[in-house]
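In terms of the working numbering, the sequence shown opens at residue 1 and continues consecutively. Worksheet: the structure to be examined is printed underneath.
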Amino acid sequence: MREQILALEQLARPLEPEPVARQALTERAVDYANQFLDGLNDSPVFVAGQPDPEFGPDFEETPGDFEQMLARLKTEIDTPGINPASGGHLGYIPGGGVYYSALGDYLADVTNRYSGIRFASPGAAQLERRLLDWMAALIGFGPGAGGDLTSGGSIASLSAIVTAREALGIRSAEVENSCIYLTEQVHHCITKAIGIAGLREARQRIVPMDAHYRLDAAELARLIEADKQQGLRPWLVICSAGTTDTGAIDPLGTIADLARAHGLWLHVDAAYGGCFLLCEEGKRRLAGIERADSVVMDPHKGFFLPYGSGALLVRDETKLANAFAYEANYMQDATAAEAVPSPASLSPELTRPFRGLRLWFPLKLAGLAPFRAAVEEKLLLASYFHSRIASMSGFEAGPAPALSVATFRYVPASGDANAFNKRLCAAIQQDGEVFISSTTIDGRYILRLAVLNFRTHLHQVERLLELLPKFARQLSVSQ
Ligand SMILES: *Cc1c(COP(=O)(O)O)cnc(C)c1O
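Spelled out as structure tokens, the structure:
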């Protein structure tokens with residue numbers, strides 16, 4: 001048997017490249033990254049087309065060729081579709097991918113410290129905890145708050161709803177008589193999470209909104225009263241601090257008053273809007289968020305991290321701990337009598353990537369000032385775009401942007417406005433210089449500018465302001 005073990009050891013050797021080979025591979029990967037970054041300004045933000053249908057994990061028993069793999073990476077993955085790293089990406093909220101995070105991920109992957117349990121890596125666990133403390137302080141939560149670094153806003157929202165369900169003791173038998181309040185504009189991950197959390201049968205009250213797509217607090221109060229009178233159990237209100245569609249911020253303070261008066265859990269979805277707390281203007285617009293019971297914010301949005309970074313913050317950490325407490329015999333060395341809970345005790349996840357470095361590196365290496373400036377710049381870019389498009393003949397602007405999303409459309413002299421705007425959106429996208437998206441609000445096809453990439457500056461927004469009338473004119477003529 002020894003012979004056989006030693007033979008297998010030889011065969012398994014390539015899993016640990018020799019230093020020279022390792023260096024060569026790393027240099028090639030870095031070259032690729034540099035070429036990608038240096039070429040960003042000259043590359044289209046959108047390329048229509050599909051990868052080679054044959055492209056996939058063409059494994060063989062023997063080692064592959066890195067050069068060929070990088071060539072495939074470029075043509076099959078890094079070319080077709082939307083390039084979210086491009087400053088011309090004005091279509092959806094998450095983008096960017098700040099370089100410093102890649103260094104954090106690289107080192108976290110090489111050292112592979114396990115941050116889930118303090119016993120395994122007290123330093124990694126402590127860093128993640130302190131990062132969450134920092135985010136909790138940004139929200140304005142007091143001592144006793146806690147949280148979880150997640151893969152994104154969707155999972156963080158699911159954990160928030162489960163935490164609320166456990167904190168209010170909503171048992172399965174009570175679900176159908178329990179009431180959850182939200183608006184039509186909540187992110188779809190919320191309705192998904194309600195279903196996954198076993199709450200599909202709860203009465204979901206869709207609270208009417210005002211003209212700016214904000215939850216109408218007077219309507220919320222009426223609905224809660226009516227439900228109570230019927231003997232139902234109101235327990236959860238979900239509001240948005242920056243909706244995906246329009247960036248609208250619900251009246252957080254008034255909703256917090258109602259939640260407190262009626263004993264409801266207040267969840268604030270700030271997956272998109274939370275980052276604006278970094279600047280004074282954003283803090284002013286998000287006032288009241290500090291009164292939430294739980295808040296979701298996504299570092300892979302306005303902190304410009306690469307995808308895979310969300311966060312849940314809960315005012316009272318013990319509520320989070322209660323929702324995710326567990327015991328397992330095989331964990332007895334690791335979690336016995338922890339004075340401070342480990343990340344895994346506050347999360348549905350056990351084994352997870354060490355997410356702390358990708359957040360710590362950029363905020364520390366660049367310092368906070370550039371982050372504060374960048375989010376303020378995004379607010380102003382959206383306002384600037386809004387005021388320019390509002391004064392442009394033929395265009396109609398949506399409400400003044402609450403954050404960095406602006407909606408607008410072209411109103412053609414004749415014909416179907418929805419079909420026209422659909423064609424206008426496609427024309428901008430196919431052109432490839434800047435990328436915008438669309439949404440449907442009250443049955444109307446609306447164009448949407450979402451500025452939240454750290455590489456987006458005035459010149460891309462001004463370019464969009466040149467292209468929109470140009471394409472609108474071309475489409476009008478060809479009608
Ligand atoms: C992006 C977003 C989400 C979902 O977060 P993911 O990180 O994409 O899972 C939820 N709510 C809002 C308001 C968002 O903008």
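The beta carbon of each residue, even a glycine, is placed where N, CA and C say it ideally should be.
C-alpha distance - residue i paired with residue j, whole-angstrom precision
i	j	result
residue 226	residue 100	52 Å
residue 487	residue 62	There is simply no residue 487 to check, as the chain begins at 1 and stops at 479 in what is shown.
residue 310	residue 1	48 Å
residue 55	residue 75	10 Å
residue 120	residue 198	33 Å
residue 325	residue 11	42 Å
residue 454	residue 306	12 Å
residue 176	residue 202	5 Å
residue 73	residue 261	56 Å
residue 414	residue 476	9 Å
residue 140	residue 315	9 Å
residue 124	residue 347	16 Å
residue 22	residue 106	14 Å
residue 234	residue 224	6 Å
residue 212	residue 242	12 Å
residue 481	residue 281	The requested residue 481 does not occur in the structure, where the chain is confined to residues 1 to 479.
Close Cβ partners of residue i (< 8 Å) along its chain, the five nearest in sequence each way excluded
i	result
residue 287	252, 253
residue 464	90, 385, 428, 434, 436, 449
residue 172	198
residue 431	467, 471
Residue i: CB within 7 Å of a non-hydrogen atom of ligand 1
i	result
residue 378	no
residue 246	no
residue 391	no
residue 206	no
residue 192	no
residue 96	no
residue 100	no
residue 301	yes
residue 164	no
residue 189	yes
residue 243	yes
residue 437	no
residue 272	yes
residue 169	no
residue 216	no
residue 152	yes
residue 387	no
residue 298	yes
residue 294	no
residue 269	yes
residue 147	no
residue 195	no
Within 8 Å, strictly: CB atoms of residue i and residue j
i	j	result
residue 162	residue 183	no
residue 266	residue 179	no
residue 301	residue 93	yes
residue 421	residue 438	yes
residue 70	residue 28	yes
residue 365	residue 135	no
residue 220	residue 255	yes
residue 116	residue 352	yes
residue 419	residue 411	no
residue 361	residue 103	yes
residue 304	residue 30	no
residue 294	residue 160	yes
residue 278	residue 130	no
residue 229	residue 209	no
residue 14	residue 25	no
residue 401	residue 359	no
Sequence-distant residues of its chain with Cβ nearer than 6 Å to residue i (five each side left out)
i	result
residue 108	354, 357
residue 274	297
residue 456	87
residue 461	381, 385
residue 20	none
residue 405	246, 247, 450
residue 292	266, 268
residue 138	277
residue 84	95
Contacting residues, own chain, Cβ-Cβ under 7 Å from residue i (five flanking each side not counted)
i	result
residue 408	389, 395, 396, 397, 398, 447
residue 190	157, 182, 238, 269
residue 319	163, 167
residue 151	308, 310
residue 350	116, 344
is_contact[residue i, chain D] using C-beta, thresh 8 Å
i	result
residue 368	No chain D appears in the structure shown, which is made up of a single protein chain.
**Prompt:** Where in the region 347 to 424 do unbroken runs of the beta strand (DSSP E), each at least 3 residues long, occur, reported from the N-terminal end onward?
**Reply:** 395 to 397, 405 to 410
**Request:** Kindly provide the ranges of any beta strand (DSSP E) runs that are 3 or more residues long and lie completely inside the region 71 to 152, ordered along the chain.
**Result:** 146 to 150
**Item:** Secondary structure, beta strand (DSSP E): runs of 3+ residues fully inside the region 223 to 274
**Value:** 233 to 240, 265 to 269
**Prompt:** Which runs of the beta strand (DSSP E) fall wholly inside the region 145 to 218 and span at least 3 residues, in chain order?
**Reply:** 146 to 150, 178 to 182, 203 to 206
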